[in-house]
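Engineer: Just passing along the structure, written as structure tokens.
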Amino acid sequence: MPSSMSQQILLSPAELSYLHTSLSSSPPIRPDGRSSTQFRPLIAETDILPGTNGSARICFADGTEAIVGVKAEVEKSRARYTHADEDGEGIVEEDEGRGLNEWVELCVEIPGMRDDDSMPVFLAAMMSEALLADGEFTRRLYINRRFHWKLYLDILLLSQPSSYPLPLLSLTTHLALLLTKFPRLKSEKDEDPLFDDDWDASVFLYPRSSTKSFDRPPVTLLVMSVNGNIMFDPSKEELSVAEVVLAVSVGERSRSEEGDMVIDSGKTRDLRLLAVRTIDPPSRLTHPGVPNALNTATGGSAADTSEKASGQRETMAEGSVWQPPRGGAKRHQIAAMIQKVLEQGGVAEEVMAGLDGVDLG
Amino acid sequence: MPLDTSSYSLALLRLDGRRWNELRRITAQISTMPSADGSSYLEMGNTKVLCTVTGPCEGGGTRDRDRADIRVELAIAGFSGVDRKRVGRGDKRVSEMVSTIQSTFASTLFTNLYPQSTIHISLHVLSQDGSLLAALLNASTLALIDAGIPMRDYITASTAGSTSSYSSNDESADPLLDLNTSEEQELPFLTVATLGGSDQVSVLVMETRVQAGRLEGMLAVGVDGCKQVREILDDVVREHGKEVLKSGRL
Amino acid sequence: MAITILAPAPAAAALPPRDHVRDSNDDDDSDNSDNGGVNLQGDFDKGSRPAKRARHTDIITPGETVTDDSQWMRGHGTYIAPASTEIIATVAGTVQKTNKLLSVRPLRARYTPEIGDLVVGRIVEVQSKRWRVDVGAPVFAGLPLSAINLPGGILRKRTETDELQIRTFFSEGDLLVAEVQSLHQDGSASLHTRSLKFGKLRNGIFMSVSGMGGGGGVVRAKRQVWMIHTAGGGGEVDVILGVNGYIWISKHIEAAGGDTAITRIEEKISSTVYSSQNDEISVETRTEIARIGSVIQLLVQEGVKIEEETISKAYEAAVGVASLNQGEGSGYLGGELGRIVMADVGKSS
């Protein structure tokens with residue numbers, strides 16, 4: 001395996017300390033000069049694979065690249081024996097238009113990793129969690145009481161996973177789902193489904209409405225914080241000094257149902273928080289730096305015992321050498337990070353607006 | 001029936017409108033992924049593959065301490081075929097293709113220049129429509145050139161078939177160049193790769209039955225296809241080279 | 001706007017639609033063979049491209065005969081076909097002639113160490129008497145304990161204590177600047193840091209620029225290490241361009257008192273040479289270090305050679321652009337600002 005593939009990128013204590021101090025100052029000085037909410041520009045392309053119902057490709061500035069292909073097949077719904085026999089029609093009616101999570105199959109493939117390695121499994125779990133969170137998504141796959149669409153989402157990371165690939169995969173999936181189309185249904189009610197073979201007449205999985213706002217697939221963003229500074233789209237170097245890293249999934253609901261009330265509130269979008277996960281930052285696994293005073297090679301004297309060494313280290317002035325962060329994430333910290341994502345005119349809104357700008361085929 | 005025998009004999013055109021000795025459209029790009037040592041994207045008709053090369057880098061050399069190891073990884077995307085199908089890494093067809101690619105490049109690259117290191121070739125199939133192994137070999141060649149790994153010459157590949165099936169026992173059947181999926185399913189075919197467009201065959205794979213008499217014609221057409229492919233790939237490399245030299249000068 | 005999403009580059013690399021069957025006589029290469037005894041007969045029938053070794057801008061591709069003149073010796077990127085005198089290219093690139101040595105320089109390749117190269121490396125493994133260093137080459141380089149300056153002066157004898165304390169000098173992850181001292185049979189390099197300008201790196205940021213060759217990347221130049229007087233009160237910043245494409249940008253630290261005796265300098269230096277502790281670095285300096293970093297990133301993205309001249313020019317342009325576009329994030333050159341900077345650089349050169 002190439003050395004660059006190791007999840008833990010190796011940085012020297014001097015580098016870590018430099019990064020940490022730079023990111024802690026206010027405003028933070030990021031190594032590439034970005035502002036705290038600025039994303040690196042990315043290259044997106046949609047509808048690249050004619051053999052799929054929807055597809056997208058995104059390249060990040062750091063050279064990582066992903067392709068997502070969505071394929072749908074008609075599947076016979078499992079007959080539900082639950083209470084139908086006893087209670088008659090009533091229960092079945094309740095199920096009308098409902099979807100099941102098993103109608104969606106989501107696979108993440110990462111080069112050099114087996115399908116059952118922890119990273120692809122974890123990523124797939126996080127992405128489907130965001131997608132299925134509100135139960136709205138599977139509802140779209142309902143055809144009639146006997147049939148439904150089975151949706152296969154194949155998410156391929158094409159490059160070595162140099163940084164945490166979740167945002168890349170999530171944005172690519174978002175675009176692919178936005179572009180996903182089904183052939184138009186010609187049959188009625190519970191007949192065997194018959195479709196219009198004119199692809200131009202096909203319908204979107206996420207139907208467009210004339211107003212600018214319609215339902216959208218979720219987007220998962222990575223947010224990190226160092227010393228109270230909240231930063232978006234962290235690079236792998238920045239992640240390695242992060243104190244808290246959150247994956248925040250955000251969805252958008254169409255406003256049309258709720259009528260004028262929401263428009264009055266002046267909000268441009270109705271964003272909803274779908275899921276939050278804390279991610280263990282790689283910074284916890286780094287080695288602490290050795291201060292000059294404890295290093296024999298720099299004229300200091302090493303402590304005799306390890307207890308003494310850690311004791312001496314504790315009393316050192318903070319910030320002189322790298323110390324891995326300790327302790328968990330504070331609640332107000334997490335709240336502040338989520339707030340920053342969701343607030344009006346905040347990052348999630350801008351990301352959604354940016355994704356709107358992509359030429360949708 | 002992919003090749004309507006009656007109409008073929010009249011117009012001598014295949015279902016997609018090609019003549020017997022015509023390649024599908026080949027487009028290729030190299031250096032598609034700046035973060036990899038070498039990368040390429042290749043389309044042969046509707047067969048689309050992507051290749052990245054990492055290395056030579058530390059590690060490996062387990063098979064032979066004096067030369068670089070070549071490791072090939074092939075992932076066929078679930079959405080690449082007509083029906084959605086997951087092809088695992090342990091799939092027999094996949095591992096056969098992997099070992100063919102691995103041994104082909106082991107004999108073509110100057111691996112002795114990089115002892116105790118490893119060259120990783122990672123291939124992604126995004127869409128398949130026949131001639132898959134040929135497309136994979138061509139894409140790997142391009143990515144290896146992009147990575148600056150020394151090789152004797154281009155390895156270029158194509159497929160060749162015959163216009164009627166084995167059972168029809170038609171000795172006068174015409175050979176066909178560059179088959180698509182439906183042709184591959186119905187007709188006998190072989191995959192051939194040559195070194196530098198010469199007559200030196202480095203890969204010859206045939207999994208279907210065909211009368212021995214027809215083989216020579218098929219092989220000749222396949223080798224000629226490899227020559228055409230080499231010209232096309234060479235143009236891609238030269239175009240890219242010109243671009244690189246131009247931008248390097250500021 | 002926090003996020004910029006771009007369409008893929010207009011298919012610059014994609015070829016225009018073309019016929020499947022090529023015309024037998026291609027258009028771009030006319031047969032003006034020069035006098036150097038270049039073989040025109042390739043071993044494929046048509047489009048046998050004449051190898052014009054006289055023009056350096058010409059691209060040679062693998063399998064192409066560079067010359068069949070036996071007066072040339074083959075260098076890197078070539079091989080001689082068995083039972084012939086033909087020198088054939090093995091990589092795609094440009095022909096380079098050094099005296100009678102003919103080599104093909106690839107457009108892009110991994111770094112191959114050469115004796116005397118200044119490299120930046122990262123320790124990946126600590127062994128009992130040496131370190132293994134990642135320098136971006138096909139195999140790790142070695143740095144023997146005997147090839148470093150030990151603290152307490154250059155003349156000190158190496159003791160067993162030093163071997164036991166090998167991690168106090170360099171440990172995993174540490175960055176260093178060193179010189180390639182010798183090459184082993186297998187192509188791996190042996191490094192040394194026996195000079196005051198080499199040693200552990202601190203007070204700055206690291207960058208990696210992959211690939212070197214005819215196009216972008218770091219080139220072997222007269223000066224690999226220099227100082228930039230930065231704008232905006234950033235003071236002086238050192239840039240170390242490792243030949244291997246690893247780059248270190250750091251705050252310039254004045255060497256200890258200029259007039260003290262040589263031996264004193266040794267002592268003074270040795271007290272900080274293995275330190276992992278950063279000095280006090282002002283916000284202004286950090287901002288400018290970040291700016292130089294983004295300038296280099298921009299040059300890499302544009303495929304421009306990374307050398308003192310290009311960096312200085314682009315840095316000046318970046319400072320100019322930043323002064324017009326005040327505000328947070330004005331240092332980032334990945335988007336629109338980068339294009340303005342490149343346009344400015346293009347004008348000035």
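Chains as they are written, first to last, in the UniProt record's numbering: chain A, 1 to 361; chain B, 1 to 250; chain C, 1 to 349. Note that CB positions come from ideal geometry on N, CA and C, so glycine has one too.
Beta-carbon within less than 8 Å of V295/C's beta-carbon, same chain only, minus the 5 sequence neighbours each way: which residues are those?
Structural biologist: Contacts found: I311, A314, Y315, A318, L333, V341.
Engineer: With 16 other CB atoms within 10 Å as the buried threshold, where does A14/A fall?
Structural biologist: Buried: at least 16 other Cβ atoms inside 10 Å.
Engineer: Could you tell me the boundaries of the alpha helix (DSSP H) in which V219/C lies?
Structural biologist: Neither: V219/C is in no alpha helix (DSSP H) and is coded neither H nor E.
Engineer: Would the stretch 116 to 126 of chain C and the stretch 171 to 191 of chain C be scored as touching if the rule is three or more Cβ pairs under 8 Å?
Structural biologist: Contact holds: three or more Cβ-Cβ distances are below 8 Å.
Engineer: Ordered along the chain, which non-local residues of its own chain (more than five positions away) have a Cβ less than 8 Å from that of A147/C?
Structural biologist: Around A147/C: Q181, S190, L191, H192, T193, R194.
Engineer: CB-CB under 7 Å to C57/B, same chain, minus the five flanking residues each way: which ones, in chain order?
Structural biologist: Correct list, in chain order: S117, T118.
Engineer: Identify the continuous alpha helix (DSSP H) that holds T98/C and give its terminal residues.
Structural biologist: Looking at the DSSP string, T98/C is not in any alpha helix (DSSP H); the run it does join, the beta strand (DSSP E), is 93 to 98.
Engineer: Taking any Cβ of chain B, which residues in the stretch 199 to 231 of chain A have a Cβ under 9 Å from it, in chain order?
Structural biologist: Within the stretch 199 to 231 of chain A, no residue qualifies.
Engineer: What's the C-alpha gap between L123/B and Y152/A?
Structural biologist: Roughly 21 Å between the two C-alpha positions.
Engineer: What is the residue span of the alpha helix (DSSP H) that residue 361/C lies within?
Structural biologist: No information on residue 361/C is available, as it lies outside the stretch 1 to 349 that chain C covers here.
Engineer: My output table needs one value for N229/A: the three-state DSSP class, helix, strand or coil.
Structural biologist: N229/A: strand per DSSP, three-state reduction.
Engineer: Roughly how far, in whole angstroms, is the beta-carbon of L42/B from the beta-carbon of A28/B, given that I think they are within contact range, below 8 Å?
Structural biologist: Right, their Cβ atoms sit about 4 Å apart.
Engineer: Please check if any C-beta of chain B sits within less than 8 Å of the C-beta of P106/C.
Structural biologist: Judged by the 8 Å Cβ criterion, P106/C is in contact with chain B.
Engineer: Using a 10 Å radius around the Cβ and a threshold of 16 neighbouring Cβ atoms, would you call V203/A buried or exposed?
Structural biologist: Under this definition V203/A is an exposed residue.
Engineer: Starting from the C-beta of T108/B, find all residues in its chain whose C-beta is less than 8 Å away, skip the five residues before and the five after it, and write them out in chain order.
Structural biologist: Correct list, in chain order: M151, R152, D153, I155, L195, S202.
Engineer: Could you check which residue in V244/A, P28/A, S26/A, V74/A has the C-alpha nearest to that of P183/A?
Structural biologist: It is V74/A.
Engineer: Just the C-alpha distance for Q160/A and F198/C, rounded to the nearest angstrom, thanks.
Structural biologist: Distance between the alpha carbons of Q160/A and F198/C is about 32 Å.
Engineer: Given a limit of 8 Å on CB to CB distance, which residues of the stretch 161 to 189 of chain A reach chain C?
Structural biologist: Listed by position, the residues of the stretch 161 to 189 of chain A near chain C (Cβ gap below 8 Å) amount to none.
Engineer: Within 8 Å of any Cβ in chain D, is that where the Cβ of D186/C sits?
Structural biologist: Within the model displayed, chain D is absent; protein chains A, B and C are what it includes.
Engineer: Please list the residues of the stretch 55 to 78 of chain A that have a C-beta atom closer than 8 Å to any C-beta atom in chain B, keeping them in chain order.
Structural biologist: Here the close residues are S55, C59, D62, G63, T64, E65, I67, G69, V70, K71, E73.
Engineer: Within 8 Å of any Cβ in chain B, is that where the Cβ of E238/A sits?
Structural biologist: Not closer than 8 Å to any Cβ of chain B, the Cβ of E238/A fails to qualify, so no.
Engineer: With DSSP run on the structure shown, which of helix, strand or coil describes Y41/B?
Structural biologist: Strand at Y41/B.
Engineer: Any chance the stretch 17 to 31 of chain A sits against the stretch 88 to 102 of chain B, with 3 or more Cβ pairs inside 8 Å?
Structural biologist: No, because fewer than three Cβ pairs between the stretch 17 to 31 of chain A and the stretch 88 to 102 of chain B fall closer than 8 Å, the two stretches do not touch.
Engineer: Closer than 8 Å, Cβ to Cβ, to anything on chain C: give me those residues from the stretch 96 to 120 of chain B, in chain order.
Structural biologist: Result list: F110, L113, Y114, P115, Q116, S117.
Engineer: What does D234/B touch in chain C if you count any residue whose Cβ is under 7 Å from its own?
Structural biologist: Per Cβ cutoff of 7 Å: T61.
Engineer: Kindly indicate which three-state DSSP category W248/C falls into: helix, strand or coil?
Structural biologist: W248/C: strand per DSSP, three-state reduction.
Engineer: Given this structure, state the Cα-to-Cα distance separating V243/C from G45/B, to the nearest angstrom.
Structural biologist: Taking the straight line from one Cα to the other gives about 42 Å.
Engineer: In the DSSP assignment, what are the bridge partners of H124/B?
Structural biologist: Answer by DSSP bridge pairing, in chain order: L50/B, A75/B.
Engineer: At the 8 Å Cβ level, is I43/A part of the contact set with chain C, yes or no?
Structural biologist: With 8 Å as the cut-off, I43/A counts as an interface residue toward chain C.
Engineer: Tell me, please, which residues DSSP counts as bridged to A72/A.
Structural biologist: A72/A pairs with L151/A.
Engineer: Taking only three categories from DSSP, how would you classify Q29/B?
Structural biologist: Strand, per DSSP.
Engineer: Is the beta carbon of Q102/B closer than 8 Å to that of V72/B?
Structural biologist: Their beta carbons are under 8 Å apart, which means V72/B touches Q102/B by this criterion.
Engineer: Between V225/C and the rest of its own chain, which residues show a CB-CB distance below 6 Å, the 5 nearest in sequence each way excluded?
Structural biologist: So the list reads I240, once near-sequence residues are dropped.
Engineer: Leaving out five residues before and five after I263/A in sequence, what residues of the same chain have Cβ atoms less than 6 Å from its Cβ?
Structural biologist: Model confidence at I263/A stands at a pLDDT of 42, short of 50, so the residue's coordinates are unreliable; what they give is reported in the following sentence. Excluding residues within five positions, none has a Cβ falling inside 6 Å.
Engineer: Drop a sphere of 10 angstroms on the beta-carbon of N138/B, count the other beta-carbons inside from all chains shown, and report buried for 16 or more, exposed for fewer.
Structural biologist: So N138/B ends up on the buried side.
Engineer: Does the separation of the CB atoms of S162/B and R214/B fall below 8 Å?
Structural biologist: Cβ distance < 8 Å, so S162/B and R214/B count as in contact.
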